[in-house]
Each structure stands twice: as C-alpha cells, then as structure tokens.
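Take the sequence shown: its letter number 192 is residue 192 in the UniProt record's numbering, and every next letter is one higher. Beta carbons are placed, not taken as given, at the ideal position from N, Cα and C, and that holds for glycine. One structure below.
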Amino acid sequence: MIRTVVTGSGSALPRNRVTNADLAEKVDTSDEWIRERTGITQRYIASDDETTGSLATAAAQAAMENAGCTIADIDLIVLATATPDRTFPATATTVQNALGGKGFPAFDIAAVCSGFLYALAAADAMIRSGMATRAIVIGAETFSRILDWEDRTTCVLFGDGAGAFIVEAQDVAEDGPGLLATKLHADGAHGNLLYVDGGPSTTGDVGKLRMKGREVFRHAVGNLAEVLREVLADAGFEPADIDWVVPHQANARILDATARKLGLPMEKVVVTVDQHANTSAASVPLAYDVARRDGRIKQGDLVMLEAMGGGFTWGATLLRA
Ligand code: ACO
1 MIRTVVTGSG
11 SALPRNRVTN
21 ADLAEKVDTS
31 DEWIRERTGI
41 TQRYIASDDE
51 TTGSLATAAA
61 QAAMENAGCT
71 IADIDLIVLA
81 TATPDRTFPA
91 TATTVQNALG
101 GKGFPAFDIA
111 AVCSGFLYAL
121 AAADAMIRSG
131 MATRAIVIGA
141 ETFSRILDWE
151 DRTTCVLFGD
161 GAGAFIVEAQ
171 DVAEDGPGLL
181 ATKLHADGAH
191 GNLLYVDGGP
201 STTGDVGKLR
211 MKGREVFRHA
221 VGNLAEVLRE
231 VLADAGFEPA
241 DIDWVVPHQA
251 NARILDATAR
261 KLGLPMEKVV
271 VTVDQHANTS
281 AASVPLAYDV
291 ARRDGRIKQG
301 DLVMLEAMGG
311 GFTWGATLLR
321 A
C-alpha cells in the first residue's frame, strides 16, 4: 500500500539561550514561579539576524541530510507558522529559494500551535493524491517578536525555533512505516482566549499575544485526551500500544494531565518544554527530532503526535517511524 512515510527530521534553535534567571532580570518573575507552573527552565530567543525563515531553512537542511536527499528530490514545501517573516510572500517560498529550489508548490499554513499537524495532513493528502512525491514539512516560529515583554503572564512561556520532517510516498506493508491516522479540529468560538491583538486587515500592525491561561489550560486537556482517543480508535490501537507521545510543548502540567487521562506513563512522553519553552508550531517536530537523535524514537515505533493551539485548533497524528 502507498503511505506517506517520515524519512527524516531536523531542527534548529536560535543562538541565544535565555534562562529563567536571565528573564527575571528584566521581568517581574522568578525561576521558581516559572518552573513550578510550567516546567520551563530556559528558552532560545532569536537575534536580529535570525528569522522564522532562516530557522526554517536550517531545520529543513538538517532534515534533508537525515533523509539523505537534496532539494532536487523535493516537490513540495508546507510551512506552519503564526510568525511569518512578512505578511506575504509566504515564508515557505523564502525557504524554497534559500534552499535553491524552484517551480514546485510552497505555501504557509496558519493554525498556530497545531500548525505542524495541519501542515503534515496537507502534505500527506497531496502525496496520497499524487500531487507530490516528497515534501518538506516545517513548523517554525519567532514568537519572541509578538510577545508583550511587559506581560509576565505570557512572555515567560514562549521560545523560538524550527523543526522539519521529510515525508515521501512509499509502497509499504500493512505493518510498515508511515502516517496511519490523523484527526484535526477547530472551534473559532474560543478565539478570544488566545490571540494576537493586531493584523493587516484590522489594526494594520503586527500586534501582541494575549492569553487567558487558565481557560486555555482547561480546554487543552479535555480536547487533547478526546482527539487522542479518536485517532487510536481510527487506527485500531490502544493507548498501551503507543511507544512515544510527542506532544505540543505548551506546559509540563498539560502534558502530565493529558498523559494521566489516557493512562500513559510519563516515561513514554517526549518532554522538551523544559529546554525550549513553547515554540508553537515548531514544538512537535523539534521534540520529535530531539527524541530521534538521542535514540529514543526508533524505526518501527508507534508514535503519537498531538497539539492544541489558538483558534482553538487541535489535532493528532499516529505514525509508525
Ligand atoms: N511570574 C510570577 N508571578 C506570575 C507570573 C510570572 N511570570 N505570571 C503570573 N503570575 C502571578 C499572577 O499575577 C497571579 O498572582 P495573584 O494571585 O497575586 O493575582 C498568580 O501568579 C497566579 O496567576 P495565574 O494566571 O492564575 O496562574 P496559573 O496557575 O493559572 O498559571 C499559566 C498560569 C502557567 C499560564 C497556566 O494558566 C497555564 O499553564 N495555562 C495554559 C496556557 C498555555 O500553556 N498556553 C500556551 C499556548 S496554548 C497551547 O499551546 C496549548
């Protein structure tokens, strides 16, 4: 059967590492408060010469190296971001040009923290319909540029970074590798719980991130547990079959609560929020790449990706590595 198979992953972080203690020098907060409420100990913040596009390009390059392919083998780029370099053109086209590619489709997807799962689903659909054969799917963000550094309830939670997958059509056995099931959801009724208060067609400027943290937390745990069950049922697996969960890294407490709801031990959950904070659309491919490189995710493992973000949007994908 033809399936979309993940054949490589890569990631990139800005040079500048900012610890909680560094942050406490300019924001009214403390290492203790941030660690206790979120599990975050540090994050990476882009310097002036680093952009969503440059981080995405570096992650894509690393993913191509891991997959053993070059830009000449690629015929699609889908990039998930809520912090594009410019309103247009799509950052995916900037990345295509930086990688030396030309001609094939390249576009951005905006679904905030769930963006990478939406992008992966779009690439998967295009691959299975025959519109593409090998794609770079990227999640890349520079949330530091839309943070209100005067608002301690949000600015301590986020970081910058990028992650990428190479996905391609392969003829595989039933129990072989590939994307097995995906479910995506959105509910625009909650658009005022997590949003950016600007935009080209309203204020004319970029705006800053605003969030009602407690309410987001409550919705996140319920929605994620439900979509994970949906995807498992769709693919005919039980929670106990999962080797690794690679969740969107919003907050260690959300990861804990979701794992508990599904009866999954935390040893099966890949956690990078302590090191990277919340990197929005970048967090799932970044965490996947970390766990693949350190040898946790191995060929044949059953891996669940899941995310929830502004909109709300949420979703999950089950894959065999
Ligand atoms: N440092 C020190 N004190 C702080 C800080 C800070 N950075 N931020 C808030 N406080 C204070 C508040 O002022 C408040 O003080 P008060 O009681 O004197 O008024 C106190 O800490 C408690 O504030 P709450 O907002 O009620 O804290 P809460 O326990 O809800 O934790 C948090 C806040 C961490 C944001 C939590 O609600 C949360 O994790 N929400 C999930 C949101 C999330 O992770 N969103 C990410 C994007 S969405 C996604 O990716 C799924």
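Where the beta strand (DSSP E) containing residue i begins and where it ends
i    : result
F165 : D160 to D171
Q42  : Q42 to I45
S114 : Note, S114: premise wrong, no beta strand (DSSP E); not H, not E.
V290 : Looking at the DSSP string, V290 is not in any beta strand (DSSP E); the run it does join, the alpha helix (DSSP H), is S283 to R293.
D108 : A106 to I109
A307 : L302 to G309
L76  : L76 to A80
V245 : W244 to P247
V5   : I2 to A12
L262 : Premise fails: L262 lies in the alpha helix (DSSP H), A252 to L262, not in any beta strand (DSSP E).
R320 : T313 to R320
Rounded Cβ spacing between residue i and residue j (contact assumed at less than 8 angstroms)
i    : j    : result
L120 : T317 : 6 angstroms
V221 : I242 : About 18 angstroms separates the two Cβ atoms, so there is no contact after all.
G161 : T94  : Not really, about 17 angstroms apart at Cβ, beyond 8 angstroms.
S11  : G163 : 4 angstroms
V156 : V27  : 7 angstroms
V284 : A250 : That belief does not hold up - the Cβ atoms of V284 and A250 are roughly 11 angstroms apart, past 8 angstroms.
I138 : A56  : 5 angstroms
L319 : V303 : 5 angstroms
Y118 : G315 : 7 angstroms
Alpha carbon of residue i to alpha carbon of residue j, nearest angstrom
i           : j    : result
E215        : A189 : 13 angstroms
V273        : A122 : 26 angstroms
G295        : A321 : 12 angstroms
E65         : L224 : 32 angstroms
K102        : T142 : 25 angstroms
F107        : A135 : 12 angstroms
L262        : D256 : 10 angstroms
residue 322 : V269 : Look at the range of the chain in this structure, 1 to 321, and you will see that residue 322 is not part of it.
E226        : G204 : 37 angstroms
G236        : A186 : 24 angstroms
G176        : E238 : 18 angstroms
I109        : G159 : 20 angstroms
E50         : L13  : 10 angstroms
E174        : I2   : 10 angstroms
K153        : M211 : Residue identity differs from the one stated: residue 153 is Thr in this sequence, not Lys. Distance between the alpha carbons of T153 and M211 is about 8 angstroms.
G39         : N16  : 20 angstroms
F116        : A59  : 13 angstroms
Q42         : V271 : 13 angstroms
T258        : V18  : 28 angstroms
T91         : F104 : 14 angstroms
A252        : D234 : 27 angstroms
R35         : M266 : 18 angstroms
C69         : V290 : 20 angstroms
A240        : G300 : 15 angstroms
D171        : G130 : 13 angstroms
R218        : D73  : 43 angstroms
residue 366 : W149 : No answer is possible for residue 366: it lies beyond the span of the chain, which begins at 1 and ends at 321.
L184        : L232 : 13 angstroms
R260        : W244 : 14 angstroms
Neighbourhood of residue i by C-beta, 7 angstroms cutoff - its chain only, sequence neighbours within 5 removed
i    : result
P200 : T87
R229 : none
D31  : N20, A21 and A24
D85  : T51, T52, G53, T91 and T94
G213 : T153
Contacts around residue i, its chain only, beta-carbon distance under 6 angstroms, and the 5 residues preceding and following it disregarded
i    : result
I127 : T4 and A169
A67  : T7, G8 and I166
A132 : D75, L76 and M126
I71  : L99, G100 and G101
G198 : D205, V206 and G207
The alpha helix (DSSP H) enclosing residue i, as first and last residue numbers
i    : result
N223 : G213 to A235
G53  : T52 to A67
L147 : Careful: L147 lies outside any alpha helix (DSSP H) and carries neither H nor E.
E25  : Element bounds for E25: n/a, residue is neither H nor E.
K183 : No alpha helix (DSSP H) holds K183; the beta strand (DSSP E) holding it covers G178 to A186.
L194 : Element bounds for L194: not the alpha helix (DSSP H) but the beta strand (DSSP E), L194 to V196.
I138 : Run containing I138: none in the alpha helix (DSSP H); it sits in the beta strand (DSSP E), R134 to T142.
A92  : T91 to A98
I273 : Note that residue 273 corresponds to Val in the displayed sequence, not to Ile. Taken as a continuous stretch (DSSP letters only), the alpha helix (DSSP H) holding V273 covers V273 to H276.
Same chain, Cβ closer than 8 angstroms to residue i, neighbours up to 5 away in sequence not counted
i    : result
D124 : T4, V167, L179 and T182
V112 : A82, L194, S280, A281, G309, G310, G311 and T313
R145 : A46, T83 and V206
T29  : N20, L23, R152 and V156
Y288 : S9, G163, F165, V246, V270, I297, V303 and L305
N97  : none
L147 : T154, C155, F158, K208 and L209
Residue i: CB within 7 angstroms of a non-hydrogen atom of the ligand ATP
i    : result
A110 : Of the ligands one can find in the structure shown, namely the ligand ACO, none is the ligand ATP.
Cutoff 8 angstroms: residue i Cβ touching any chain B Cβ
i    : result
K208 : Any reference to chain B falls outside this structure, which holds one protein chain only.
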